[in-house]
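Residue numbers (our numbering), protein chains in the order written: chain U, 3 to 196; chain A, 3 to 196. For each residue, glycine too, the CB sits at the ideal point set by N, CA and C. Working notes, structure below.
2 protein chains.
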Amino acid sequence: MDSVINLSRKEQVIRKAAELFREKGYAASSMRDLAQKLGIEAASLYSHIKSKEEILHQLCFDMAAEFRKSLDAVEKQKGPASEKLKNGIIGHIQVMAKDLTASAVFMNEHRHLSQPHLRDFLLLRINYINRFKAIIDEGVKNGEFKEHIDRKLAVMTLFSSLNWMPMWYDPNSTIVPTSLGQQLADMLVTGLRK
Amino acid sequence: MDSVINLSRKEQVIRKAAELFREKGYAASSMRDLAQKLGIEAASLYSHIKSKEEILHQLCFDMAAEFRKSLDAVEKQKGPASEKLKNGIIGHIQVMAKDLTASAVFMNEHRHLSQPHLRDFLLLRINYINRFKAIIDEGVKNGEFKEHIDRKLAVMTLFSSLNWMPMWYDPNSTIVPTSLGQQLADMLVTGLRK
DNA sequence: GTGCGAACCTAACGAGTGTTCAGTAATAGA
DNA sequence: TCTATTACTGAACACTCGTTAGGTTCGCAC
């Protein structure tokens, strides 16, 4: 139907935009650049999207929803905090690996969202981080983790490691995302263990 | 003398530019924005700098030189690889903490350098990373570190953690940079140890 | 064959971009 | 007092920006 075709074309636009934003950054990417990538004129883009920012908005909030979903599943699990933390890390990596381009945009370009979208985005982000912090707290309380660790430092180090992954991970590499997540989780969780 | 006053004013311009670039990104920062921050007109900036990119160039390459210097000192030390790695991490953190603003620009905005400066910058970066890789190799060879670790993964995780620090570290916080470096080094090195 | 909607076009808008240029006021050294 | 230098200015240049208006083409449904 029309809406399917429409969505499909719109998604093409958004995917190409994600590639462009990743390469050059949002602010340095022009609508004419994007149009050229698609083989059309800049004005034609506006048949599919409302504005440049709408593209960024969709990219950022779609990724945020994926991360949320992944963590939802982990929190339902029973078991030690270290296992939950590991699975949280693995899930995060898998979500990123599913779309490295969008992940890079999500991470580096979200600041170009205008208000109030930026505020909304940052709230989602803080919420996500706090849920990881709670898992670490749980591990500290039940004696799995060192009790003298700085929780903010720990959780920020964690996210730093995870969020830079799209910068250096080669999707054609021999390391598959699952094993990557496993290894990363090992490295990071071991650092916390007593 | 003239040159001192000139340098001083030029440095003021560059410092304010660093703040601006950090907040809004290089591409989204205009010379008129920068001028306004300094209370002058945009045209007046060109009495002090040759171009917008010259500012970015100076910021990026000055930081690169600082990182290099710090690692030079570490490499001269004798002792176990884990100690060298720790000191490398602590040094890196201290260089960043000395100028968080410039560090953030160094990390996030270097890609807006034009050629051949971008190529030069990336070469410096690869070199720096490889020197850390060599320390890890040393630790694997002499049995300090797990031998099954993926070196690329380890070193990239390391840099990810370090390089995001300017994003969340609050210079008014109670954690002083030295202790921050110490804790970070502990966390990351423990993950590698046998 | 008529109508419709998706996809695209050309042309243009007002605003903002980095940068240049000629000129001015202030200050310091001779 | 004259001179040179520094810091700055307003005006302008040649672009580029995101976006809009109005219109064309094409294929499908009835």
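Chain-order list of chain A residues neighbouring S163/U: T159, S162 and S163, by C-beta distance under 8 Å. Under the 10 Å beta carbon count, T180/U is surrounded by fewer than 16 other beta carbons and is classified as exposed. With a threshold of 7 Å between beta carbons, L61/U makes no contact with chain A.
If you look at N165/U, you'll find it in the alpha helix (DSSP H) that goes R153 to N165.
The Cβ atoms of A106/A and L61/A lie no closer than 7 Å to each other. Under the 7 Å criterion on CB atoms, Q184/U is classed as non-interfacial with respect to chain A. Within a 10 Å sphere around the beta-carbon of K86/U sit 16 or more other beta-carbons, which makes this residue buried. Taking C-alpha positions only, A37/U is separated from S46/U by approximately 8 Å. Secondary structure at A30/U: coil, using DSSP grouped into helix, strand and coil. Between L102/A and R113/U, the alpha-carbon positions lie close to 18 Å from each other. Pairing R153/A with I138/A gives a Cβ-Cβ distance under 7 Å. Per DSSP, the continuous alpha helix (DSSP H) segment holding A66/A begins and ends at K54 to K78. At a cut-off of 7 Å between beta carbons, G145/U makes no contact with chain A. Take L160/U, set aside five residues on each side of it, and the residues of its chain with a beta-carbon closer than 8 Å to its own are I91, F134 and L190, in chain order. P82/U sits away from E149/U, with the two beta carbons spaced by 7 Å or more.
In the DSSP assignment, Q96/A falls within the alpha helix (DSSP H) that extends over A83 to K100. With contacts defined as CB atoms closer than 7 Å, V76/A and N89/A qualify as a contacting pair. For A29/U, the nearest beta carbon of chain A is closer than 7 Å to its own beta carbon. Around L115/U, no beta-carbon contact reaches into chain A at under 9 Å, the shortest distance being about 12 Å. Ranked by Cα distance from Y130/A, the first of S31/A, E55/A and K71/A is K71/A. Judged by DSSP in its simplified three-state form, T180/U adopts helix.
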